[in-house]
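Engineer: Heads up, our numbering is the position in the sequence shown plus 12, with the first residue counted as 1.
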Amino acid sequence: MDKNDGLAPETISAQALGQIDKATGGVTPAIHLSTTFVRDHDYQLLHPEHSYSRDENATYHAAEKVLTKLEGAADALLFSSGMAAAMAVIQSLKPGDHIVAPKVMYWGLRHWMTESCKHWGIQLDFFDSSDPDSLSKTVRAGKTKLIWMETPCNPTWDIIDIKEAAGIAKNIGARLAVDSTVATPVLTQPLKYGADIVVHSATKYLNGHCDVLAGVTLCAKKDDFWEKICEIRLHTGAVLGSLEAWLLQRSLRTLFLRVRQSSQSAMAIAEHFEGHPRIKSVLYPGLASHPGHDVAKRQMQGGFGGMLSLRVNGDAETALDIVKRCAVFTRATSLGGVESLIEHRYSIEGENSPIPKDLLRLSIGIEAVEDLIADLEQALA
Ligand SMILES: *Cc1c(COP(=O)(O)O)cnc(C)c1O
């Protein structure tokens, strides 16, 4: 029996599955920087699993094993970024295949998915994540090979029912891939609801300190499609450096504390500002007023995440004026770090953006929530 069997995910995360440095007895695993590995006089690898680091490295495994366990997956692969992790899934499709993805989703990926699909002859259609019937109307039986989804969906935090999407995928012979960056395995395990693939930008909550760029792709089963994804990482070389992989396994040890604190503070901020005279609406799946609240309650456990958006009464100028006056929130893009960030998405995405000009996206960190509320109150005064 594996000594970790039966342990709670909090324990698995805090102890990184009890992985130690066997060579010295160090309580944390070593960093393996070597890119190549020795063969003996008979030309056999000293350790058959290690040959060259573009393929395998024990430091990647340390983080991959923890993530595999936390997601209840069959396997995990680290990538050099969330984009690389996601694109390995897209690249595993064939010309002529059809993909569907949400209209509102992580902007960088939507853009690059569109460009790449055009280039590779993959057909791509978008569904409306705010309309529960839209997905089933957008898929094409026999033709759609992949349903891509994100939940909560950036930056409106629309909720998509994973179980329902998995049912649709199964009916038409497609795979379901879930970008679970915002939910993290602390709040949702998509494979449990029938997803085939889970992707994270590990740059965000999994690492959580805005100091490592990383991605991870996980699978429900090691099939041909997974083989293809492994091949793509090997040959495109989209691997993570060992130092970054080590930092990621270190950060995963505090994942539960960080995500739970962020979720709790985000909930308090959402409740505080709902109905504020300068706020038109607060978009947060934890609020009963959010259209995805009931599904979120079912599919997310222990919180609704650390991301919320405020739509202010006014235009882009009003929103930017509020951002300008923030002193505790940091003005920066990205999300999932221990420090709270505020961002005007429309300014970043530009004219073709579907994001309302009055929307401010907040990534709630682990500071004292009173300080965050007071900062927003003075910025809105
Ligand atoms: C940031 C992000 C990505 C891209 O990840 P990188 O690590 O920046 O490449 C993909 N999906 C979501 C939801 C993200 O927030």
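The C-beta atom is built at its ideal place from N, Cα and C for all residues, glycine as well.
What residue range does the alpha helix (DSSP H) around Pro21 cover?
Structural biologist: 21-26
Engineer: Note the first and the last residue of the continuous alpha helix (DSSP H) segment covering Pro197.
Structural biologist: 196-199
Engineer: Return yes when the C-beta of Thr215 is under 6 Å from any heavy atom of ligand 1, and no when it is not.
Structural biologist: yes
Engineer: Given this structure, state the Cα-to-Cα distance separating Ser46 from Thr80, to the nearest angstrom.
Structural biologist: 24 Å
Engineer: Any chance the CB of Ser93 is under 6 Å from a heavy atom of ligand 1?
Structural biologist: Because some heavy atom of ligand 1 lies under 6 Å away, the Cβ of Ser93 counts as near it: yes.
Engineer: Pick helix, strand or coil for Phe49, following the three-state DSSP scheme.
Structural biologist: coil
Engineer: So, helix, strand or coil for Lys292, using DSSP?
Structural biologist: Reduced to three states, the DSSP call for Lys292 is strand.
Engineer: Report the CB separation of Lys11 from Leu29 in whole angstroms; it is logged as a contact under 8 Å.
Structural biologist: Here the chain has residues from 13 to 393 only, and residue 11 is not among them.
Engineer: Leaving aside the five residues before and after Cys129 along the sequence, list all residues of the same chain whose C-beta is less than 6 Å from its C-beta, in chain order.
Structural biologist: Leu136
Engineer: With DSSP as the reference, please indicate the residues paired to Ala386 in a beta bridge.
Structural biologist: Within the DSSP bridge table, the entry for Ala386 names no partner.
Engineer: Taking three-plus beta-carbon pairs below 8 Å as touching, is the stretch 353-365 in contact with the stretch 311-320?
Structural biologist: The stretch 353-365 vs the stretch 311-320: no contact.
Engineer: Just mark Ser301 as buried or exposed, buried being the case when its beta carbon has 16 or more other beta carbons within 10 Å.
Structural biologist: exposed
Engineer: Taking the runs of the beta strand (DSSP E) that are 3 residues or longer, which of them lie wholly in the stretch 238-269?
Structural biologist: none
Engineer: Out of Lys234, Leu259, Gly154, Lys240, which one is the CA nearest neighbour of Gly227?
Structural biologist: Nearest of Lys234, Leu259, Gly154, Lys240 to Gly227, Cα basis: Leu259.
Engineer: Does the stretch 260-267 come close enough to the stretch 275-287 to have 3 or more Cβ pairs within less than 8 Å?
Structural biologist: no
Engineer: The alpha helix (DSSP H) that contains Asp87, what's its start and end?
Structural biologist: First-last for Asp87: 87-91, but that is the beta strand (DSSP E), not the alpha helix (DSSP H).
Engineer: What distance in whole Å lies between the Cβ atoms of Asp191 and Glu162, which are believed to be in contact at a cut-off of 8 Å?
Structural biologist: 4 Å
Engineer: Residue range of the beta strand (DSSP E) that Met312 falls in?
Structural biologist: From DSSP, Met312 is part of no beta strand (DSSP E); its letter is neither H nor E.
Engineer: Are Ala328 and Lys292 close, meaning C-beta to C-beta below 7 Å?
Structural biologist: No, the Cβ-Cβ distance between Ala328 and Lys292 is not below 7 Å.
Engineer: Taking its Cβ as the centre, do 16 or more other Cβ atoms sit within 10 Å of Lys233, making it buried, or is it exposed?
Structural biologist: exposed
Engineer: Leaving out five residues before and five after Pro366 in sequence, what residues of the same chain have Cβ atoms less than 7 Å from its Cβ?
Structural biologist: Lys115, Val116
Engineer: Within the chosen definition, does the stretch 237-245 reach the stretch 47-58 through at least 3 CB pairs nearer than 8 Å?
Structural biologist: no
Engineer: Could you give the residue range of the alpha helix (DSSP H) that holds Gln103?
Structural biologist: 94-103
Engineer: Buried or exposed: His59, going by 16 or more other Cβ atoms within 10 Å of its Cβ?
Structural biologist: exposed
Engineer: Ligand 1 and Asp236: does any heavy atom of the ligand fall closer than 6 Å to the residue's C-beta?
Structural biologist: no
Engineer: Asp306: buried (16+ other C-beta within 10 angstroms of its C-beta) or exposed?
Structural biologist: exposed
Engineer: Less than 6 Å between the CB of Asp191 and some heavy atom of ligand 1, yes or no?
Structural biologist: yes
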